[in-house]
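Undergrad: Can you read through this structure? Questions will come right after.
Numbering (this note's numbering), first residue to last: 5 to 121.
And the structure:
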């Protein structure tokens, strides 16, 4: 018997309950780190047993999990770029903005020339 637990609030899934299924992955390279979560359209019992699968009992738990995963509390690796996703509500729409910033400041380069005699 397989039991599913919400990755947000740790509630157990009952048969017939409409849950949200997603797949989380993280790729850490030499110069960058990338995290992603893909949310499935429908619950699939076979795919829900995948080792990358994440399970949510509600939209609030999914949003909380995504906020913790992509939030500002996750410090970037040294020398990598961090991308923040900002959502703004305007009448009739939601505007997504992605901002990329370096985790280390750029160094100012100065050139000193020698006097030639």
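Every residue gets a Cβ at the ideal spot worked out from N, C-alpha and C, and that includes glycine.
(1) Grab me the residues of residue 34's own chain with a C-beta within less than 8 angstroms of its C-beta, minus the 5 sequence neighbours each way, in chain order.
(2) Grab the span of the alpha helix (DSSP H) containing residue 63 for me, first residue to last.
(3) Tell me, please, which residues DSSP counts as bridged to residue 31.
(4) Beta-carbon separation of residue 20 and residue 66 under 8 angstroms?
(5) Determine the closest residue to residue 57 out of 118, 70, 28, 10, with distance taken between C-alpha atoms.
(6) Please tell me whether residue 126 and residue 60 are closer than 8 angstroms, where the distance is taken between their beta carbons.
(7) Among residues of its own chain, excluding the 5 on either side of residue 9, which ones have a beta-carbon nearer than 8 angstroms to its beta-carbon?
TA: The short version:
(1) Walking along the chain shown from the start, residue 34 turns up at place 30. No residues qualify anywhere along the chain.
(2) In the chain shown, the residue the question calls residue 63 occupies position 59. 63-74 is the span of the alpha helix (DSSP H), which, as asked, contains residue 63.
(3) Along the chain shown, read from residue 1 onward, the residue named residue 31 stands at position 27. Note: residue 31 sits in a beta bridge opposite 38.
(4) As a first step, residue 20 is located in the chain shown; it is residue number 16 there, counting from the start. As a first step, residue 66 is located in the chain shown; it is residue number 62 there, counting from the start. Not in contact: residue 20 and residue 66 (Cβ atoms no closer than 8 angstroms).
(5) Along the chain shown, one-based indexing puts residue 57 at 53. With distances taken between Cα atoms, residue 57 lies closest to 28.
(6) There is no way to answer for residue 126, as the model of the chain reaches only from 5 to 121.
(7) The sequence position of residue 9 within the chain shown is 5, counting from 1. If we look at residue 9 and ignore the five residues flanking it on each side, its Cβ neighbours are 15, 16, 17, 59.
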